[in-house]
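A quick write-up on the structure given underneath.
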Amino acid sequence: MLELKGITKDYPSGDTVVHALKGISVAFRDQEFVSILGQSGCGKTTLLNIIGGLDHYTRGDLIINGRSTKSYQDRDWDTYRNHSVGFVFQSYNLIPHQSVIANVEMALLLSGAPRADRRARAAAALAQVGLAEQMHKRPNQLSGGQMQRVAIARAIVNDPEIILADEPTGALDTETSVEVMEILKRLSRDRLVIMVTHNPQLAEEYSDRIVRIRDGEVTSDSRPVDAEAESLTPEQIQEHAVADARKGKRGMSYLSAIQLSFNNLMTKKGRTFLTAFAGSIGIIGIALILSLSDGAQNYIAETEETTMGSYPLTIQKTAVDMASMMSAMMGTGDTKGEAPKGTAESKNIVTDMVESIGGGATENDMKAIKQWLETNPGDISDLVTDIQYNYSTPLNVFKDDTSAGAVQVNPATVMNALGISTSGSTQTQLMSSMASTGQGYDVWSELLSSKKAVDRDWKLVDGRMPQAWNEVVIALDEHGRISDYTLYALGMLDQSDLKGMMRNVLAGKKVEGAKETSYSYDELMKLVFRLVPESSKYQKQADGTWKDMSEDAAFMKSAVAAGEQVHVVGVVRATGDAGATVARYGGVLYPASLMKHMVETVAASDVVAAQKADPGTDIFTGYPFSDTASATMSLDEIESMIGMMGGEQATQAQAYIDQMRAQGSSDEEIAAAFSKLMSSQTDDATYDGNLEKLGAASLDDPSVIQIYPVDFKAKEQIDTLIDDYNKDIKAAGEGSEIQYTDIVGTLMSSVTSIVNSLTYILIAFVAISLVVSSIMIGIITYISVLERTKEIGILRAIGASKRDVSRIFTAETFITGLVSGLLGVGITVLLDFPVNWIIEAVAGVRNLAAVPAGAGAVLVLISVALALAAGLAPSRMAAKKDPVTALRTE
């Protein structure tokens, strides 16, 4: 039972108060048709709104099924309107962008009913009012009577206990009014129907009871209810409370809110698209920047990866921190700030660089590092294509044919033929020029031990790959060509021609370009070379010392003839994946066993054995290392030693003694001066230095270790392994940490930092447009709230909570933000095509710009988040709107 006790409603109006209802007390039966009659402005609609929970009384009490509503919260009123009350308005109040059946379903949607159940019950309600065939039409496709019947169907679809009709026939003709009244009369058989009207004929004809109101007070009641007699028992009140609790209030789902908002946006496609497009401009800008930035990063990574073959991770016996040195060179470590006013302070760049070289230089324990690597730490063998161990032993290779004298092919002597090794400004400029073209390199390069890596980098075009230590292959570039530098180095072209060209250049004469030559694979495979170990260049003298004979043409010719032969057994061609320098200019590839054989050969030579047999004596002079005892030698002993030396050196020494005698020096003074001179020549000589001069090395103690990672990710894992090794060494306090050089990584990290900095700066500028677009979306949402104010009132009338209303407009901003984000990313993807064409035309880099999938998704999320943030204020404003005021808005 519904009962009003002393209901008063006051409206503040400036300094006065308008009393709309003045202590109305009236009760209603569960099943009856009650008409409330009165003139306009007497408080009929206000009373109806209070009964329906749209408006709240100032004083008094509204009792629903024995329960006072004084303690009702917003949630309780929402549940009451959704489950217990159905509204029928004079102006229909249908949502125009929803279909007929969707309008009817709305109350069920708010109650959380399943979709199938909603559709079935809505169809049944429409059939009950005779509109089963019109369910898929829009409200503007119906007549006034049909729209009112839709409103009635919406009111009854949730099977409410109370139907509240506010002037339901006020906008209808007589015939249609009768149809609507018949429907309301039929509904009153099993529920309470309260109709507000100022038409006494309709009230008399269809109502079971008429309540008249004037100036906010009840003036008559044709069939009053004895509230005490009709009051519910405590058990009945409890039953109603339990039933109400079961109804609950699940509210509108976010998906339903999105659907409702989407339908509304589709009625304004043009404005929606323009809003979304405007919001996408900032996304487009940021996405384009990220496309280029990510493309540049990928290009840098690819460049770093492809150059790993040329610039592996390098561990040297004496290592320098390249990063510190570069930082010092660039002056980026200066943190002193501004100089005092009126003074000019020095900025130590050169000093810092020298300090970084000296202070940053460390000695690596190469023997310990080699042993560590051979234990396969962290399965490093799976992370590398090869680990090469290089030794201080020079790989001296000569041309087999000595008819024109001994022609050295490795290390290459092409630069010497050009005169670049000499001093002078012209030669220095030429050297810089040649270095800039990348031509200053040895044409002999060690093959990687991994067959997979070799097959990746090289394609065998003739012959076979090396199988023995004395077998090599000729390497061509990826176009099947070989540079003239390589041909000069290998002695296939005469280096004397280079000297002639250089003389002409220095004389200012015109130099004609050399004619290109070609060689068959058979010609290349007929090439034979000779190994001449560094130790073979020394000859034992009569006094037991050893003399460097490398300047003696006849001796060197015989040394080459005695050298072991090296044969070319195949020809390979570089693939596009090869990164080594030899892959760009051509050269000779040899197996690691060749260098191992050279180290062993030098170690077994007589001159090395002689130095090792007497480690305290310099075998080149016969004097002890750093021995000052020579100062006690007599002049006769010195002259006897000079006589045994022979050659030009003896002649010069004797001339020195004769000159001092002519100047009147005594024999003792001459002996002291000569001993001092000999001492100065032997002070710098050391046992280890002599062995290195002879090319002697130990296979267990390399001078350089080169690590070739499989890929960039593997390089990072190797970096981590080395860092872990250094931590263990530091913690144990034994041995030395590994200092390695990553030239490409150091250079590329600087480039990456620059790219990142530019990216952040550009994004910061473009982000301003995102803020502007967010403000615009907020304004558009605010306009939408104003446009949909009546819809807000309708939704609140059928049970929507403030949260539901807020969710609808939040969903609208969500859709706008999502479309903006997707549109921005999509347009960027299309713009990347012309951007890539321009970059390829200008820089020759293909497919640089591409929107990263992850970044695209993040940008869409950012667009949605900004749109949601922009819509928070308008959506809260919509939720706070008074439903009664909203329903009156047109």
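Here the working numbering is used: position 257 in the sequence shown is 750, and no number is missing along the way. A virtual CB, placed ideally from N, CA and C, is assigned to each residue, including glycine.
Just reading off the beta strand (DSSP E) that residue i is part of, what are its end residues?
| i | result |
| --- | --- |
| Tyr1083 | 1080-1083 |
| Gln713 | It is Ser, not Gln, that sits at residue 713 in the sequence shown. 710-714 is the extent of the beta strand (DSSP E) around Ser713. |
| Leu657 | 655-659 |
| Leu552 | Note that residue 552 corresponds to Arg in the displayed sequence, not to Leu. Start and end: 552-557. |
| Glu1005 | Note, Glu1005: premise wrong, no beta strand (DSSP E); not H, not E. |
| Gly579 | 578-581 |
Looking at the structure shown, is residue i part of a helix, part of a strand, or coil, going by DSSP?
| i | result |
| --- | --- |
| Ala520 | strand |
| Asp1387 | It is not possible to answer for residue 1387, since the shown part of the chain is limited to 494 through 1383. |
| Ala1363 | helix |
| Ile543 | helix |
| Val673 | helix |
| Lys810 | coil |
| Met494 | coil |
| Gln932 | Bear in mind that the predicted position of Gln932 carries a pLDDT of just 40, short of 50, making it too unreliable to give a figure here. |
| Asp569 | helix |
| Pro1117 | strand |
| Ser1011 | coil |
| Phe526 | strand |
| Ala1124 | Confidence is the limiting factor: at Ala1124 the pLDDT is only 43, short of 50, which leaves the residue's position unreliable, though a coordinate-based value still follows. The answer is helix: DSSP assigns Ala1124 an H, G or I state. |
| Ser1086 | helix |
| Gly852 | For Gly852, the predicted structure reports a pLDDT of 49, less than 50, and the residue's modelled location is therefore unreliable. The matter cannot be settled from this model. |
| Gly499 | strand |
| Thr1110 | strand |
| Ile588 | coil |
| Glu1130 | helix |
| Lys992 | helix |
| Glu838 | coil |
| Ser1368 | helix |
Just reading off the alpha helix (DSSP H) that residue i is part of, what are its end residues?
| i | result |
| --- | --- |
| Arg957 | Unbroken run through Arg957: none, as it is neither H nor E. |
| Arg642 | 637-649 |
| Phe1326 | 1295-1336 |
| Ala1257 | 1236-1280 |
| Glu697 | 693-699 |
| Leu601 | 593-603 |
| Val1377 | 1376-1381 |
| Leu969 | Element bounds for Leu969: not the alpha helix (DSSP H) but the beta strand (DSSP E), 964-969. |
| Phe755 | 747-759 |
| Val1100 | 1099-1106 |
| Lys1373 | Neither: Lys1373 is in no alpha helix (DSSP H) and is coded neither H nor E. |
| Thr979 | 977-982 |
| Ala946 | 944-950 |
| Tyr1180 | 1180-1186 |
| Glu1209 | 1205-1225 |
Does any C-beta atom of chain C lie closer than 8 Å to the C-beta of residue i?
| i | result |
| --- | --- |
| Asn542 | Judged by its chain identifiers, the structure shown contains no chain C, having just a single protein chain. |
Under the criterion of a Cβ to heavy atom distance below 7 Å, does residue i qualify as lining the ligand NAP?
| i | result |
| --- | --- |
| Gly1314 | Looking at this structure, you won't find the ligand NAP or any other ligand, since it has none at all. |
Which partner residues does residue i have in the DSSP bridge list?
| i | result |
| --- | --- |
| Tyr1233 | Ile808 |
| Gln1199 | Thr807, Gln881 |
| Ile1287 | Bridge partners of Ile1287: none, in fact. |
| Trp937 | Val1081 |
| Tyr504 | Val511 |
| Arg707 | Glu710 |
| Val1353 | Answer by DSSP bridge pairing: none, since Val1353 is not bridged. |
| Ser533 | None; Ser533 has no bridge partner. |
| Met688 | Ser528, Ala658 |
| Ser561 | Ile556 |
| Arg1418 | Past the boundaries of the shown model lies residue 1418; the chain is included only from 494 to 1383, so the question cannot be answered. |
Exercise for review: Ignoring anything shorter than 3 residues or poking outside the stretch 1019-1066, list the beta strand (DSSP E) runs there in chain order.
Suggested key: Correct list: 1021-1024, 1031-1033, 1039-1041.
Review point. Is the stretch 1279-1290 touching the stretch 1372-1379 in the sense that three or more CB pairs, one from each, lie closer than 8 Å?
Key: yes
**Study point:** alpha helix (DSSP H) runs contained entirely in the stretch 607-631, provided each spans 4 or more residues
**Key:** 608-621
Review point. Does the stretch 567-587 come close enough to the stretch 611-627 that 3 or more CB-CB pairs lie under 8 Å?
Key: no
**Study point:** the stretch 1350-1357 contacting the stretch 506-518, beta-carbon criterion three pairs below 8 Å
**Key:** no
Exercise for review: Just list the alpha helix (DSSP H) runs in the stretch 859-915, keeping only unbroken ones of 4 residues or longer that don't cross its boundaries, in chain order.
Suggested key: List check, alpha helix (DSSP H) in window: 859-867, 907-910.
Check your understanding: At a cut of 8 Å, does the stretch 752-768 reach the stretch 1300-1309 through at least three beta carbon pairs?
Key -> yes
Review point. Do three or more CB pairs link the stretch 1309-1328 to the stretch 772-790 at distances below 8 Å?
Key: yes
Check your understanding: Is the stretch 999-1014 close to the stretch 1030-1041, with three or more CB pairs under 8 Å?
Key -> no
Point to revise | At least three beta-carbon pairs within less than 8 Å, the stretch 599-606 to the stretch 649-658 | key: Judged by Cβ distances under 8 Å, the stretch 599-606 makes contact with the stretch 649-658, as three or more pairs qualify.
Review point. Touch check for the stretch 1047-1064 and the stretch 937-951: three-plus C-beta pairs under 8 Å?
Key: With a cut-off of 8 Å, the stretch 937-951 and the stretch 1047-1064 do not count as touching, because too few Cβ pairs lie within range.
Review point. Does the pairing of the stretch 1021-1029 with the stretch 1090-1103 give three or more beta-carbon distances under 8 Å?
Key: yes
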